[in-house]
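Comments concern the structure below.
Protein chains in written order, with the working numbering: chain A, 28 to 376; chain B, 28 to 376.
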């Protein structure tokens, strides 16, 4: 019995995630380790795993947590990080990425996860899953730690495309609001448009035009448009959805990830500095571990592709097992009915 | 004897900073408090202070550290945060900002500091100080904590303008490299161009064009061009100067400032969580304070205007005394001959 048949038979409490095991800078080993970790959060999860079966089969077999829940699909080829998306679209039929997306297209899996080349993953997703009605340009959304009541704000686009005109930004607002409504359970999500200041005369031409368009859409699309927001608002309780172009969104997430990692190092150094501070760290160990989890950028790993007929989650290329598990966790939660259940406290390092 | 005469008489060990006391969201009180704080770092500093003398005179008089080192220049008007730059250029002659910049133009002060409206400050600086030869579009540069050997990387533009074409980006590379050479003492600074990936086929048209232009300039302009860099490289030891447009750079610094502040709150919460962790925090108090300083975004406050005939430092509009002191400290260090002396460990909270 195939996994998709099991899904049909057993009802909705099985989640089937399609995994491109070959993408990612750390190779398939990190992906398998992440898959095993995600099982702890979602004991009923099943995987359709795409990649080099000679490599993968014995390694899946060896992992107790994976052995009985994986269906392996062999692919001869891999999309390289340096591959050009348009060439993958033409010649990528035999890659693990193509096959991973097709499992969602065929209804075998509820969502696909890949650590591979973002541009190629988006191009193949558009080709195989097709854009949702009304979407010209899909976007990648990510979660950002926030003081708002859900604990996360949504930023998009973070790299589906390199630029966006006013119509794209308008569409991102609609996609982001819908994601916040379905994924975060916010009935009237607050949407803000990223700009360099709150004044309406500031900003690029396309941003000022988008400001008007989004404002017109708000009522019909059931969101609350709060107008221009600045980068500093993204952690504040100023909006739930932050709209910008893919170049800027990408620079924002990557620079914050880098800086959070640096702060983490500073924290370790601070506690190794003196004998007293090392004793202090011992007393505070549990609290420090909780903090380390909270600021660990790997735990918010996973960009969701919006505007497609199917769910695809892009994991960071350099994700380790913790990062991959977070991306799979996100895909699994998006596959459940209702708002995203919060699994943040259940992750382990 | 005026402060500028004192400067001429006593030689270069006096630093005179021109202060726009009226800009900023927290009002002139925060600016005066910051000025007093900066005196601890630079005991020989003098100020030319611009603003409402009725308000300022008694308050300067009351502060022992300011009383004997300030020359007050009355201005009737203030540039509001909501003022449109072009209108300030036409009608701003009586504002404290105009007067503060003119003190640099007249040679009375080595640098000007303002917490006011960024667009107006840049427009007035261009009008009164003029662009340096070869600069079409000035930029604002800021310091970013980094693992490189100076401890900081330089990011520009962070908001002088809202967009940049390939020629602007090329010019930013030259300005940033020069700043790194003069300000940070790096003989051959490494310059990177921000993009969404390291592959040369990725990115907007103007970024790909800038990649070629900057590459051609590198030898003559004495910098080492490392090519495309990503947001995550800014804290890594990947480059010393990061070039992007003002919209993106602005979003980057503001989102990281917001996130660093949130992490700081998490840190406090973590140590208040249990009785044991509170004891731990007591033991680790000195180390924790050192960490809090290191990740406090107020301490890297201050954007330097590059490409002008004169030094102007823009402080964050919402800067408190600590933030204003950091901006004045930066202006003072830029006014000294040779590479920037490091005062990071001398700041107090």
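Yeah, the Cβ is synthetic: ideal placement off N, Cα and C, and Gly gets one too.
Model, not experiment: these values are computed from the prediction.
(message) Among the candidates A:254, A:115, A:126 and A:205, whose CA atom is the shortest distance from the CA of residue 224 of chain A?
(response) One-based indexing of the first chain puts residue 224 of chain A at position 197. Selected option, being the one with the closest Cα: A:254.
(request) For residue 280 of chain B, go through chain A and note every residue whose CB falls closer than 8 Å to its CB, in chain order. (result) Counting from one through the second chain, the residue named residue 280 of chain B turns up at place 253. Here the neighbours are 258.
(message) Please report the straight-line C-alpha distance between residue 98 of chain B and residue 205 of chain B, rounded to a whole angstrom.
(response) Counted from its first residue, the second chain places residue 98 of chain B at position 71. Counted from its first residue, the second chain places residue 205 of chain B at position 178. C-alpha separation (whole angstroms): 32 Å.
(message) What would DSSP say about residue 144 of chain A, mapped onto helix, strand or coil?
(response) Counting from 1 along the first chain, the entry for residue 144 of chain A is found at position 117. Residue state, collapsed to three classes: coil.
(request) Answer yes or no: does any C-beta atom of chain A fall closer than 8 Å to that of residue 111 of chain B? (result) Residue mapping note: residue 111 of chain B aligns to position 84 of the second chain, counting from 1. At least one chain A Cβ lies under 8 Å of residue 111 of chain B.
(message) As a quick exercise: from B:94, B:100 and B:69, pick the residue whose alpha carbon is nearest that of residue 80 of chain B.
(response) Along the second chain, read from residue 1 onward, the residue named residue 80 of chain B stands at position 53. Selected option, being the one with the closest Cα: B:100.
(request) Compare the C-beta of residue 199 of chain B against all C-beta atoms of chain A and say whether one is closer than 8 Å. (result) Counting from 1 along the second chain, the entry for residue 199 of chain B is found at position 172. Chain A contact via Cβ: absent.
(request) Following the continuous beta strand (DSSP E) through residue 341 of chain B, name the residue where it begins and the one where it ends. (result) The count along the second chain starts at 1 and reaches residue 341 of chain B at position 314. Residue 341 of chain B -> beta strand (DSSP E) spans 338 to 341.
(message) Could you tell me the alpha carbon to alpha carbon distance between residue 203 of chain B and residue 167 of chain B, rounded to whole angstroms?
(response) Reading the second chain from its first residue, position 176 is the one you call residue 203 of chain B. Reading the second chain from its first residue, position 140 is the one you call residue 167 of chain B. The alpha-carbon atoms of residue 203 of chain B and residue 167 of chain B are separated by roughly 9 Å.
(request) Would you tell me roughly how many angstroms separate the C-alpha atoms of residue 362 of chain A and residue 284 of chain A, rounded to the nearest one? (result) Here residue 362 of chain A refers to the residue found at position 335 when the first chain is read from its first residue. Here residue 284 of chain A refers to the residue found at position 257 when the first chain is read from its first residue. The straight-line gap from Cα to Cα measures roughly 26 Å.
(request) Quick one: list the residues of chain B neighbouring residue 317 of chain A, beta-carbon separation under 8 Å, in chain order. (result) For the purposes of this step, residue 317 of chain A is taken as the residue at position 290 of the first chain. 297 and 300, listed in chain order.
(request) Say whether chain B places a C-beta atom closer than 8 Å to the C-beta of residue 179 of chain A. (result) Residue mapping note: residue 179 of chain A aligns to position 152 of the first chain, counting from 1. So, not an interface residue.
(message) With a threshold of 8 Å between beta carbons, is residue 320 of chain B in contact with chain A?
(response) On the second chain, residue 320 of chain B is found 293 positions in, with the first residue counted as 1. Answer no: the Cβ-Cβ gap between residue 320 of chain B and chain A never drops below 8 Å.
(request) List the residues of chain B that residue 255 of chain A touches, going by C-beta distances under 9 Å, in chain order. (result) What you label residue 255 of chain A is simply residue 228 of the first chain in a count that begins at 1. Within chain B, no residue comes near residue 255 of chain A; the closest Cβ sits about 12 Å away, beyond 9 Å.
(request) With hydrogens ignored, establish whether the beta-carbon of residue 122 of chain A is closer than 7 Å to any heavy atom of the ligand GTP. (result) Within the structure as shown, the ligand GTP is missing, as the structure has no ligands at all.
(request) Would you mind telling me which residues of chain A sit closer than 9 Å to residue 231 of chain B, beta carbon to beta carbon, in chain order? (result) To locate residue 231 of chain B, count along the second chain from 1; it is residue 204. Neighbours of residue 231 of chain B on chain A, chain order: 189, 190 and 274.
(message) Measuring straight from C-alpha to C-alpha, what distance separates residue 226 of chain A and residue 220 of chain A?
(response) In the first chain, the residue the question calls residue 226 of chain A occupies position 199. In the first chain, the residue the question calls residue 220 of chain A occupies position 193. Approximately 12 Å between the Cα atoms of the pair.
(request) Please report how far the alpha carbon of residue 75 of chain A lies from the alpha carbon of residue 141 of chain A, in whole angstroms. (result) Along the first chain, read from residue 1 onward, the residue named residue 75 of chain A stands at position 48. Along the first chain, read from residue 1 onward, the residue named residue 141 of chain A stands at position 114. Roughly 12 Å separates the two Cα atoms.
(request) Report yes or no: is there a C-beta of chain A within less than 8 Å of the C-beta of residue 290 of chain B? (result) On the second chain, residue 290 of chain B is found 263 positions in, with the first residue counted as 1. Yes, its Cβ sits closer than 8 Å to a Cβ of chain A.
(request) Determine, using beta carbons only, whether residue 232 of chain A and residue 222 of chain A come nearer to each other than 8 Å. (result) Numbered from its first residue, the first chain carries residue 232 of chain A at position 205. Numbered from its first residue, the first chain carries residue 222 of chain A at position 195. In this structure, residue 222 of chain A does not lie closer than 8 Å to residue 232 of chain A by Cβ.
(message) Just checking: is the beta-carbon of residue 358 of chain A within a distance shorter than 8 Å of some beta-carbon in chain B?
(response) Within the first chain, residue 358 of chain A is the residue found at index 331, counting from 1. Not closer than 8 Å to any Cβ of chain B, the Cβ of residue 358 of chain A fails to qualify, so no.
(request) Identify which residue in A:66, A:308 and A:164 has its Cα closest to the Cα of residue 13 of chain A. (result) Absent from the structure is residue 13 of chain A, since the part of chain A shown begins at 28 and ends at 376.
(message) For residue 172 of chain B, would you say it is in contact with chain A, using Cβ-to-Cβ distances shorter than 8 Å as the test?
(response) Taking the first residue of the second chain as position 1, residue 172 of chain B is located at position 145. Judged by the 8 Å Cβ criterion, residue 172 of chain B is in contact with chain A.
(message) Run through chain A and tell me which residues come within less than 7 Å of residue 377 of chain B, C-beta to C-beta.
(response) Only positions 28 to 376 of chain B appear in this structure, which leaves residue 377 of chain B out of reach.
(request) Pull up the distance between the alpha-carbon of residue 305 of chain B and that of residue 315 of chain B, whole angstroms please. (result) Counting from 1 along the second chain, the entry for residue 305 of chain B is found at position 278. Counting from 1 along the second chain, the entry for residue 315 of chain B is found at position 288. Going by the C-alpha atoms only, they are around 12 Å apart.
(message) Tell me which residue opens and which closes the alpha helix (DSSP H) that residue 42 of chain A is part of.
(response) Start at 1 with the first residue of the first chain, and residue 42 of chain A comes out as number 15. Where residue 42 of chain A is concerned, there is no enclosing alpha helix (DSSP H), although the beta strand (DSSP E) it sits in stretches over 42 to 47.
(request) Please list, in chain order, all residues of the same chain as residue 328 of chain A whose beta carbon is under 7 Å from its beta carbon, the five residues on each side excluded. (result) Locating residue 328 of chain A in the first chain gives position 301, counting from the first residue. Same-chain partners within the cutoff: 342, 343, 346, 350, 353 and 354.
(message) Per DSSP, what are the beta-bridge partners of residue 306 of chain B in this structure?
(response) In the second chain, the residue the question calls residue 306 of chain B occupies position 279. DSSP lists no partner for residue 306 of chain B.
(message) Looking only at its chain, what residues have a beta carbon closer than 7 Å to the beta carbon of residue 136 of chain B, apart from the 5 residues adjacent to it on each side?
(response) Translated into the one-based positions of the second chain, residue 136 of chain B becomes position 109. For residue 136 of chain B, where only same-chain residues beyond five positions count, the Cβ hits under 7 Å are 43, 44, 45, 75 and 130.
(request) Provide the residue span of the alpha helix (DSSP H) that contains residue 355 of chain A, from first to last. (result) For the purposes of this step, residue 355 of chain A is taken as residue 328 along the first chain, with counting starting at 1. Looking at the DSSP string, the run of the alpha helix (DSSP H) that includes residue 355 of chain A is 348 to 361.
(message) According to DSSP, residue 75 of chain B sits in a beta bridge with which residue or residues?
(response) In the second chain, counting from the first residue as 1, residue 75 of chain B sits at position 48. According to DSSP, which records beta bridges pairwise, residue 75 of chain B is partnered with B:45 and B:98.
(request) Using three-state DSSP, classify residue 269 of chain A as helix, strand or coil. (result) Your numbering for residue 269 of chain A matches position 242 in the first chain. Strand, per DSSP.
(message) Does chain A have any CB closer than 8 Å to the CB of residue 283 of chain B?
(response) Here residue 283 of chain B corresponds to residue number 256 of the second chain, with the count starting at 1. True, the Cβ-Cβ gap to chain A drops below 8 Å.
(request) Assign residue 325 of chain A to one of two classes, buried (16 or more other C-beta atoms within 10 Å of its C-beta) or exposed (fewer than that). (result) As a first step, residue 325 of chain A is located in the first chain; it is residue number 298 there, counting from the start. The residue in question, residue 325 of chain A, is buried, as its Cβ has 16 or more Cβ neighbours within 10 Å.
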